[in-house]
Each structure stands twice: as structure tokens, then as C-alpha cells.
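Chains as they are written, first to last, in this note's numbering: chain X, 1 to 559; chain U, 1001 to 1323. All C-beta atoms, glycine included, are put in the ideal place defined by N, C-alpha and C. Predicted model, so just to flag it, every value in this text is computed and none were measured.
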Amino acid sequence: MSDSDASSPSAAPARNYLNFATTAKSWLLTLDHKRIGLLYLISIAFFFLVGGFGASLVRLELLTPDGNLLSAESYNKMFTMHGVIMIFFFLIPAGPGVLGNFVLPLMIGAKDVAFPRLNLASWYVYMTGASFGVAALILGGVDTGWTFYTPYSSTYANSQVILTGLGAFIAGFASILTGLNFIVTIHKLRAPGLSWFRMPLFVWAMYATSIVVMLGTPVIAITLVLILLERGLGLAIFDPALGGDPVLFQHLFWFYSHPAVYIMILPGFGIISELISCFSRKRIFGYGFVAFSSMAIALIGFFVWGHHMFVSSQSVYAGLIFSFLSFLIAVPTAVKIFNWTATLYKGAIVFRTPMIYALGFLGLFLIGGLTGLFLSSMGLDVHLHDTYFVVAHFHYVMVGGMVMAFLGGLHFWWPKMTGRMYFQGWAIVTAIVIFVGFNLTFFPQFLLGYLGMPRRYHVYPSEFQILHVLSSAGASILGGGFLMLYIYLPLSLFIGRKAPRNPWPATGLEWEVAESPPSPHNFETTPVVTEEAYNYAHKDHAFFEQDIVDILPEEDENV
Amino acid sequence: MTNEFRLMPPVASDFAARVDVFYWFMVLMSVFWVVAIGAVVAYFAIRYRRRYRTQRPDEIHGSNRLEAAWTVVPFVLAMMMFFWAAHLFFDYAQAPADAMEILVTGKQWMWRLQHPDGTREINTLHIPVGQPVKLTMTSEDVIHSFYIPAFRVKADVLPGRYTRTWFTPTKTGSFHLFCAEYCGTEHSRMGGFVHVLTPREYDEWLQTASTAGGGAAVARLSPADAGERLFTRLGCVTCHGGAAGALGPSLVGLFGRERELADGTMILADEDYIRQSILYPQRHIAKGYQPVMPSFEGQVNETQLMQLVAYIKSIGSQKIGMD
């Protein structure tokens, strides 16, 4: 690809996907995967705020052992709203909907996804589902917990279960459409020369995610419909008073919801591989192992759901198998961590915001993964199940893992998405504030959990208060860190420096060929791939946008 | 119960002591990996930071040997943890035969407990130290979970069936009793204390508890005796009294044995089987009998069901007389 004339300072801004049409209609009816990615970004950013608001009230209430801010009923609705919104309307769409939509076609040299209309439909379906969720909130909220356990949800709960269930049900179809789109796109639209083993690892991760989405989501859809049927029509499925089986619900629910954890985290794995490779200036260590470990996790992830049910009266022999498989899935996860670590070895590591997030991810996800082993341990889970230990564990995976990876990816691709650089100083400070606040919030919860503090408790014995106060203090720091993102990222759209095509400089078609921001059809001509992914050894390393290490000598003075 | 700040819960059962050993192993193992990987990452990050602008890193693609090593080592470690934890769990799965049985009914938002001599309490449990205690539990509404952190013991309590757990308290004192499965508005208030007493204190407590409760005669009726009265009052005895040619089978010697059903399958006559046969008699028809028993659903509550089960259990160990 020859350099465009964009480098000449006097030229008018090049036609790109953001400025070629600016009407509301051009956004709302867009078929452009990049614009749809941004629509998703705005939507999930909104829901992250709403879900975060719920978490803030929960943490405020837990400052004292007595319930003195919220009634028990409102408290239960707050943690339910936090969980439902963060999982169904933020975490699940964050990886595929935002970064997947924006980056994946660019990465594989395609003009768009395979089915652009389905892609737009997916956003509308998601927004419809989310609207049901919001309507449920406005009409009084729901108090079942995001897990909707029966028969509480199907018979006893006196809140908006049907609306919320419908919301999650509908939003599931948005995931399915995106997953379907990505699988076909990856199979059919790769640029000439881009063989499977030349694909960036983010694409592998999205492929694994999409498979889990396609196979798992229909099951939660059916399960939610069964709840609605029992609740609405009195059909006997889960409520034993009607002749149903309440544990059947847990099997069906976790058959989706455990793989859903991998729907949330696998895109994060893909992002981390991109970041660590780019900022170490090295090809990822053990490319094939990292790619296949994603596939192994996606596959084994379907057979571990019973580890949520060791004390639910499940057969001890079934529990044994689920425990075994849960330990087994730790192996491909460990393989990833080792490979990321080894990628740093003899690199030329550059500390930019995305890399700060990636290193933070390594530490937090490591803790999240190791504490998962505690919970896979049958004898120990008897004590830890349904305590704050579980809450701490999955926040380390979901927030410490996925949110850190997502923010790393967002900063990494921000120049490509918006054509503007964010502010390096602000961004690094924010990343550190989030890291510190996160640990202060959730580490005390491991201790609370082992002490026996059950989750979803509105009031609690006073001996737990010190740890709860620490956690709430951490949450205010964490919340402050997240709010900083909402200030400086939008601000950078207006006063951020213009981004060059490849500010890092990174490998990959989205950086080396597409402009920042890309043209409406991504590439002027179809790119041809002639090398493997992460071929950093043969790239120019000299130029780094925003090089805070400009003081670095051009050559090694010691040589 | 003191309100002092602590980092570890009290160790008040033999199972708790064993769980803690495994927990500390897991903690040390985790600390090892976090420190080891953290140290390597930190070392690499400093040692291999970019020092000059045109620095070229080494070209390394991977190493099959290393991949094998860091696949096998975590696998072996994971299997070790798996077996250890499964062993703990299986040891604890079966209550010892001499365990004292406490009947537990969960209900939004309280625990009802009944001692072998019929003494009842709500949201508190008094037990003697050193005595294995097994709980037979059911719920009248939604799913609850009976959780005593000091014993490291928890089991879900389900509507429509019996679940069990057990423990041997090793330390006197008062320990938290929680509901661990979210069960609605007052979930966090569904609990109280387990008071572990010396055997003498326990006997004294039983005396005062039964006289203080008023209506002493009823309260003192053991679950099996109460069940026997129900057995007569509800008319069960008419068909299941063991008379020759009766419409239903005698229940003497039934409990804990395999019995043959009309379709030829065998079924174990346990608590759940008896409960189901009272509520849904058409589900399992004993071989040689007609499906004529009416359902008692709605006529007996969960406490009475447990008493009937206790009575049928008590005659289950008797020798079969006439046949």
C-alpha cells in the first residue's frame, strides 16, 4: 500500500467512515460494522453507568451492618439490577459487540462482516432487550438475583421477573446474530493469504467466543421461556408444588451461564494477546498453543456447569466429574498465562496505557483463576459456595480480567476508531487508580467469604464490618477511576491530537493498511497478506506516537 | 459471640479443621504462583524495557519443551487438588450411623428445628459437643441453604424433597447459622445461632426448653411418636396396619430396603420415597397392590410429613412379623 496524501498538512481531512455522512439516519441505519461497533460502545457505556450506580448503592448500604440506607426489598433489587445489567447488557456485548464488530473485519482484510444487515439488526435486537430491562427497572425492578433461581423466580417473587426475563431472552438473540456473523465472516471473508494460522489471536478468540454463543445462548433462551411459562401460565416445570423440579432450572441455567463466563472473558484473552505482543515488540510466544487453548476452553467450558451445584443436592458422582473438568480447564488457562509471560522475555517493552492494562490484567486474572480452583474443590466449595469468596472470585475474572482487557483494547484501538489520540497522562493515572481501587474493593471480599459472610445479604453481623468498609472505600476509588474514563475519552474526540495510521506501531491489517479512522469500506483495494501475524522482528520499531521516552537515544549508547 | 475483628472463622467441627488444612495449602499454592509469575513479569518488564528507539527484540517463536512443561505441571498440580478435595467431600458425604437426627424445615424466612425427643426451636440450634449430628431438611417454599461457617458445612434445602448434611461439633460456644441461598426479601435475616453445649448442659437445656414451651406433652412427643399418632388419626393404619387382605402393604420392616414395584422395577424405600408415596401415591405402586390410595397432599404439612416418615423409619428396623 502506498502512503495516501493524508500526510500532507494542507489537505482536507480524508473521507472516512465518520465524516462521509453525518446525519442521524446515516448512523441509525448504517450497515457499516465500524459504526455499529460505535453504537454498541455508546450503549454499553450507558449500561455500565447504570449497573455501576446499582453497585454504588449496594456498597454504600454495606458500610454498616444494619440496613439503614435501603429497605431489604430495594437492596435486593439493587444487586439484581447490578448483576442483570452488567452481565446481559454490558459484559456479554462488550467483547463481540464493540471491539469485535469494529476490529474483526479490519483485522482479516474484509470490507465488512458477512451479513451487514443482520449486524445492524443485532444492535436493534440488543436495544430492544435492554429496553425491556430498563422498563422492568422503571416499573418497580426485579429481586431474584441475576441467576433467577426457581421456584423463587417462577412462583414466589413479587417483582418484574417476566419483563426482565424477556429482556435477557431478547438480548440473547443479538449475541446469536453477532456470533453467526463472525463465524461466517472468519470462514469466508479472510483476505488472500490470510490463512487460519496467520490470523491475529483476537480473531481466534472471537471465533471461539462465537461458537460458545451459538451453542449456549439458545439454552438460556429456552430456560427463560420456561420460567415465563411457569410464572405466566402456571405450567409445571420447576416448582415442586406443581410437580416440577427446581434443580432442573439450575442445570439449564448454568449450562448456558457457565459458558457465558467464557463468552465474556475469551474476547479479553484475544485482546491481551494483541497488546502484549505489540508492546513487547515481539511475536506472541507459542502462537498455536494460545490459539488452541482458546478452543479448548470453549469446548471444556460446556461441561463444567455442575460446579455451581456441589451443595444443591446434585449426585456426588456427578459432582466428581464436574470438579475434575473444572480443574482440567485450568490447564489451557495456565498455558495462556505462561505464554503471555514468556512473550515479554527479551522483548523491547514499551509502557503505554494498553500495556499497563495488560499487565494489570495478568495479575488480576491470575488471582481470579487461582481462586476459581478453590471453588472447583468439592470439599472446600461446601464452605465457600454462595459466600463473598465467590463474589470476589468472579469480579477478579470479570472486572479484573475482562474489564481491564476491554479498557486496554479500547485505548489500543481508540486512535483507529476515532482518529484521535487520548491523553497519555490521564489514561495512565486512570489505569492505576482503577487497579488500586479494584484490589481494595475485592480483595477484602475473599477474606469475608472465608469468614462465612454469605452473598446477597442486606444486613450482616457486625464483626464483618471492617472488611466491608475497606471494600466500600475501594469501590469509591474504583468508581472514580471509571468516571475519569467518561471524561477524558469523550474529550479526546474534540481536543485529542490527530492519530496517525499506526501510532504504536503495530502489526495487522487494521494498523498497517487501514487509515485512522478507516475509510467507509476499510480498504481501497483488497489487501494481500504475505506474512504471519505479529511479525514484529521485521518491522520498524523506531516511531511511537506520544513517545514519552523521546529522551531515549536513537541507538544503544552502550554498544 | 464476640464482635472482634478476625481473619479466620472459628474452627468448631472436625470437618472444619480438615477443610482449613486444605484451604491453607491452596492459599500457599496461590501465593506461590502469584509471587512467582508476578516476579518474572516484573523482572522481564524492567530488564527488557525498551532502552533506545531502534532496539530490536530477539525473534523467538516458542518452545515445545516449555509448552509441555507448563501444560504438565499445572495438570499434575490440578489433579492433586482435585483428589484431595474430592476425598474431603466423600468422607463427609455420609453421616455416621450413631448420628443424632435433627429435622429441619426452612420457610421464608425462618428455620424450624426439631430434636429427637420432640423439642422444637426456631432459628437456634442447641447441640451437645462431640456428638455427630445429622440434619434431614426440607423447605416449605423456595430453596434455602443451611450454613454454619464455623463447621464449614452447608447444604441446600429444597422444597419437595429431603436433603441431608451432618457434622460433629468439637468446640462449645455460639456460632452463626445463616441461610446461604438467596430466598427473597428477608434472606439476610434468616438465621441465628448454633449453641454447642456440653452434654450435661444439653440435657439441662432440653429439660428447661420443654417445660418453658408450655403444652409440654405435645412438645415432648418425639417425631416418631407424633408420627404414630398421625398414622392413626389420618387413617393410614386402616390399610397399612398389616392386617391380612388389607388394601395396602404393611410398612413394618420397609424402611431402607429395596422394594419391588408393580412394573417390576426395584426402588429403595428411603425418606424421599415415603414422602412421595404419601403425597403422590400413584407414582410408585407396590407390586401386588391396586392404585387406590388417595393423595394426602394439602392435608399434611412438611413437619407432619417428617413425623410420618420418622414413624415409618422407626418401624422399619423391626423384623417383619407374620409373613
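Check your understanding: Assuming A533 (chain X) and P200 (chain X) make a contact with CB atoms under 8 Å, what is their CB distance in whole Å?
Key -> 5 Å
Practice item. Compare the beta carbon distance of T585 (chain X) and G363 (chain X) with 7 Å and say whether it is the shorter of the two. Key: Residue coverage of chain X in this structure runs from 1 to 559, which leaves residue 585 (chain X) outside it and unanswerable.
Practice item. Would you mind listing the alpha helix (DSSP H) stretches within the segment 368-403 of chain X that are 4+ residues and don't spill past its ends, in chain order? Key: Entirely contained in the segment 368-403 of chain X, the alpha helix (DSSP H) runs reaching 4 residues are, in chain order, 378-384, 388-395.
Practice item. Compare the C-beta of A1012 (chain U) against all C-beta atoms of chain X and say whether one is closer than 7 Å. Key: Chain X places no beta carbon closer than 7 Å to that of A1012 (chain U), leaving this residue out of the contacts.
Review point. Who pairs with N522 (chain X) in a beta bridge, going by DSSP?
Key: X:S519
Exercise for review: Can you tell me which of the three DSSP states L41 (chain X) falls into?
Suggested key: helix
Point to revise | Residues bridged to M1100 (chain U) [DSSP beta-bridge criterion] | key: Paired residue(s): U:V1133.
Check your understanding: So, is the C-beta of N439 (chain X) closer than 7 Å to a C-beta in chain U?
Key -> no
Exercise for review: Kindly give me the distance between the Cβ atoms of G67 (chain X) and E61 (chain X), rounded to whole angstroms, as I take these residues to be in contact under 8 Å.
Suggested key: Indeed, because the Cβ distance is near 7 Å, the residues count as touching under 8 Å.
Review point. M1080 (chain U): buried (16+ other C-beta within 10 angstroms of its C-beta) or exposed?
Key: exposed
Check your understanding: Excluding sequence positions up to five away, which residues of its chain have a Cβ less than 6 Å from the Cβ of G179 (chain X)?
Key -> If we look at G179 (chain X) and ignore the five residues flanking it on each side, its Cβ neighbours are S210, V213, M214.
Review point. Is any beta-carbon of chain X found at less than 7 Å from that of V1076 (chain U)?
Key: no
Review point. Are V50 (chain X) and I85 (chain X) closer than 7 Å when you measure CB to CB?
Key: yes
Practice item. For D1058 (chain U), name the three-state secondary structure that DSSP assigns. Key: coil
Practice item. Would you please verify whether the beta carbon of L447 (chain X) is less than 7 Å from any beta carbon of chain U? Key: yes
**Study point:** Where P105 (chain X) falls: helix, strand or coil (DSSP)
**Key:** helix
Review point. Does the beta carbon of Y1273 (chain U) sit closer than 7 Å to a beta carbon anywhere in chain X?
Key: no
Practice item. Kindly confirm or deny that the segment 1173-1187 of chain U and the segment 1037-1044 of chain U touch, where touching means at least three C-beta pairs closer than 8 Å. Key: no
Review point. So, does the CB of E531 (chain X) fall closer than 7 Å to a CB anywhere in chain U?
Key: For E531 (chain X), the answer is no, since every Cβ of chain U falls outside 7 Å of its Cβ.
Exercise for review: Using DSSP bridges, identify the partner residues of H251 (chain X).
Suggested key: H251 (chain X) pairs with nothing; no bridge assigned.
Review point. How about P1128 (chain U) and T1168 (chain U): do their beta carbons lie closer than 7 Å?
Key: Annotated as distal: P1128 (chain U) and T1168 (chain U), with beta-carbon spacing of 7 Å or more.
Review point. Could you give the distance in angstroms between the alpha-carbon of G1235 (chain U) and the alpha-carbon of A1310 (chain U)?
Key: 17 Å
Exercise for review: Following the continuous beta strand (DSSP E) through I1148 (chain U), name the residue where it begins and the one where it ends.
Suggested key: Taken as a continuous stretch (DSSP letters only), the beta strand (DSSP E) holding I1148 (chain U) covers 1144-1148.
Point to revise | Beta bridge counterpart(s) of F1175 (chain U) as assigned by DSSP | key: According to DSSP, residue pairing for F1175 (chain U) in a beta bridge involves U:V1194.
Exercise for review: Would you mind sorting N119 (chain X) into buried or exposed? The rule is 16 or more other CB atoms within 10 Å of its CB.
Suggested key: buried
Check your understanding: Would you call the segment 353-363 of chain X and the segment 1053-1065 of chain U touching, i.e. three or more CB-CB distances under 8 Å?
Key -> no
**Study point:** Segment limits, beta strand (DSSP E) that includes D1020 (chain U)
**Key:** Here D1020 (chain U) belongs to no beta strand (DSSP E); instead the alpha helix (DSSP H) covers 1014-1047.
Practice item. Following the continuous alpha helix (DSSP H) through V335 (chain X), name the residue where it begins and the one where it ends. Key: 316-344
Check your understanding: For the 8 Å Cβ check, are there 3 or more pairs between the segment 475-491 of chain X and the segment 499-516 of chain X?
Key -> Judged by Cβ distances under 8 Å, the segment 475-491 of chain X makes no contact with the segment 499-516 of chain X, as fewer than three pairs qualify.
Point to revise | Distance between L384 (chain X) and F1015 (chain U) (C-alpha atoms, nearest Å) | key: 14 Å
Exercise for review: Could you please give me the residues that DSSP links to L62 (chain X) through a beta bridge?
Suggested key: DSSP, once it has assigned bridges, lists no residue as partnering L62 (chain X).
Point to revise | Bounding residues of the alpha helix (DSSP H) (the contiguous stretch that carries H468 (chain X)) | key: 465-495
Check your understanding: In chain order, which beta strand (DSSP E) runs of at least 3 residues are fully inside the segment 1064-1112 of chain U?
Key -> 1100-1107
Check your understanding: Can you list the residues of chain U that K346 (chain X) reaches, using a CB-CB cut of under 8 Å?
Key -> Y1048, P1057, D1058, I1060
Practice item. Decide if the segment 442-460 of chain X is in contact with the segment 1145-1160 of chain U; the criterion is three or more beta carbon pairs, one per stretch, under 8 Å apart. Key: The segment 442-460 of chain X vs the segment 1145-1160 of chain U: in contact.
Practice item. Enumerate in chain order the residues of its own chain whose CB-to-CB distance from S1277 (chain U) is below 7 Å, with the five nearest sequence positions on each side excluded. Key: H1284
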